[in-house]
Amino acid sequence: MKHPENCELGPIRPPSEAASLLLRITRNCPWNKCTFCAVYKQDKFSKRTEEEIIADINRYAAAAAKVRRRAGIKEDEVLDSREAVLTGIRGESVTEDERRVAFWLYRGGHHVFLQDADSLAIPAARVTRILRHLHHCFPTVNRVTTYARSRTLVAKSPDDLAQLREAGLTRIHVGLETACNELLEFISKGCTSEHHRVGLTKAIAAGFEVCCYVMPGLGGRQFSEAHARDTGELLKLVDPQHIRLRTLWLDPGSPLEEMYRQGQFEPLEEDEIVAEIRDMLQRVYGANGRVVSDHDRNLLTEIEGHLTDDADDIDQVLQQFLDLSAEIRDAFVLGRRAGYLRTLEHFLSDPAIAAQFVPLAREMRQQGNGSLVKGMMARLGPRSI
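Take our numbering: the last position of the sequence shown gets the number 506, and nothing is skipped along the way.
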C-alpha cells in the first residue's frame, strides 16, 4: 500500500489535478458497483482514521521542510526553478514524499486533492479538522478538491456543506455519467437523476465549484438518445461551473466489458458518439459554465470553452468532424485511437496523413462486419467505444 516512510496514495485522480498534492482520506469506493468501472472492483472501501491522515500531512510538512532546507529557501517559499527542485531532492536518502513535494512546490504549492472515490463519505466534522490542519501546515494552499457521489451530497446537511466550504474545501468532482434514469439503473450507478439534481444544487448553493463528469457513449445504441437528452437538460438546469467529457472505455475486468462480450451491450460508432455529444451540448448552450474534453479517451480533445460565449466554436468542431466523408472519418478515428494523432486539425493539415490510414480503417471495418469500433477492438484491444 505504501512505503512506511511515505504517505499513502490512492490509484487515481482527475487530470485537472495533475499539479495537486494527493492526500488519501478514504480507500477505494463505498459503492463500487458501477458496471463501467474496474478501478476498485478487487478492493473494499474503508475510512482512514483521522490520526493516519494527520500523520500523512505531517509527513508532507516534514518533507517540505527538508526540501526547502536543501534548496536554501525560507519555510514559506516555493521552489522557483528546476535547479532549485534538483537541489531540493539531491541525496541518496531522498524519499518519494520529498520528490513529490518538491515538484508540488515548484508548481506553486497551491492545490491539494483528497482521494479516493468519495472522500465526503466520512463525517464533515472530521474532514473539517483535517482541512484545518492541512491549511495550518501549508498556508500556501488555496484550492482543495475531492471526488464525491451525488447521493453523498444529498445526505449532507447545508450546515455540513457550509462547514466544509469554510474550512477550505473549494471544488467537488462528481461522476454524473448520465441523467437518464433507465441508463443509471442499467449501469448500476446507485442513484437517480433526482439525486444528481439535488446533490449538485446543494453543493453549488454552499459555494463550491462543481465539476460534472459526463460519459458519452455510455448508453450504447439502446440509450443514446435518452442519454443525450436527459443529461443535457439536467446540466442546463443545474448549471455547474465545469463539465468534463470522459468517453466510455471498456476497461478490462469491468462488468460492462463482459456484457459487451456476451452481446448484452451494443456500442456506438465514434461518429455516433460525436453526434451524441453535439445533441447533449446543444441542450446546454446558454449556460454559465465551461465544457472541456481534457482526457485522452476523448476523440476530439479540441472541445473546450464557455457554454455561451464559445458555443458556436464548440459546435463547429463537432460539426466539422461529422461533415467529413465516412471514409475520412474512419481514417481519423483509427489514427487517433492508435495513438498517431492528437487533434483533428493535425489530421486535416496534410492529406497524406489520411491516405496512410484509409486502407487500414477500411480493412478494420470489414473485420468488424461493418463496425469500425468492433474491428478496432479485435485488432487493438480495449479502447473507447
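Cβ atoms here follow ideal geometry from the backbone N, Cα and C, with glycine treated the same way.
Predicted model only: the values in this text are computed from it and were never measured.
The alpha-carbon of L252 is positioned some 6 Å away from that of A288.
Put simply, the stretch 264-278 touches the stretch 221-237. At least three CB pairs are less than 8 Å apart. Within its own chain, the residues whose Cβ lies closer than 8 Å to the Cβ of E448, once the five positions on either side in sequence are excluded, are V479, A482 and R483, listed in chain order. If only complete runs of 3 or more residues are kept, the stretch 187-261 shows the beta strand (DSSP E) at 232-236, in order along the chain. Taking the Cβ atoms as the reference, L501 lies roughly 17 Å from R463, outside the contact range of under 8 Å.
Between the stretch 376-389 and the stretch 330-341, the count of C-beta pairs closer than 8 Å reaches three or more; the two stretches touch. Look at the stretch 358-416 and you find these whole runs of alpha helix (DSSP H), each 4 residues long or longer: 376-382 and 391-403.
K195 is classed as exposed because its beta carbon has fewer than 16 other beta carbons within 10 Å across all chains shown. Inclusion of A347 and L304 in the CB contact set at 8 Å is warranted, their separation being smaller than that value.
Judged by beta-carbon spacing, L366 lies beyond the 8 Å limit of S314, meaning their Cβ atoms are not closer than that value. DSSP, reduced to helix, strand and coil, places E129 outside both helices and strands of the structure shown, so it counts as coil. Within the model, the alpha-carbon separation for R486 versus T422 is close to 24 Å. Counting along the chain, the unbroken alpha helix (DSSP H) around R272 starts and ends at S271 to A276. The criterion of a C-beta distance shorter than 8 Å is satisfied by V413 and E425. In the structure shown, the three-state DSSP call for S167 is strand. Taking 4 residues as the shortest admissible run, the stretch 435-478 contains the following complete alpha helix (DSSP H) segments, listed from N- to C-terminal end: 447-458 and 465-469. Listed in chain order, the beta strand (DSSP E) runs fully inside the stretch 325-358 are 330-335, counting runs of at least 3 residues.
Remark: C-beta atoms of V335 and L297 approach each other more closely than 8 Å. According to DSSP, V295 shares a beta bridge with C333. The C-alpha of T352 is placed about 5 Å away from the C-alpha of T299. For R418, there is no enclosing alpha helix (DSSP H), as DSSP gives it neither H nor E. Y268 sits in a strand when the DSSP states are folded into three classes. In the structure shown, G320 falls within a helical segment according to DSSP collapsed to helix, strand and coil. Around the CB of A473, fewer than 16 other CB atoms lie within 10 Å, so the residue is classed as exposed. Taking the Cα positions, K495 is about 33 Å away from G131. For P151, the CB contacts under 7 Å within the same chain, skipping 5 residues up- and downstream, are F166, D239 and A242 in chain order. Under a 10 Å Cβ-count criterion, N409 is classified as exposed, with fewer than 16 other Cβ atoms of the shown protein chains found around its own Cβ.
By the neighbour-count definition (other C-beta atoms within 10 Å, threshold 16), L321 is a buried residue.
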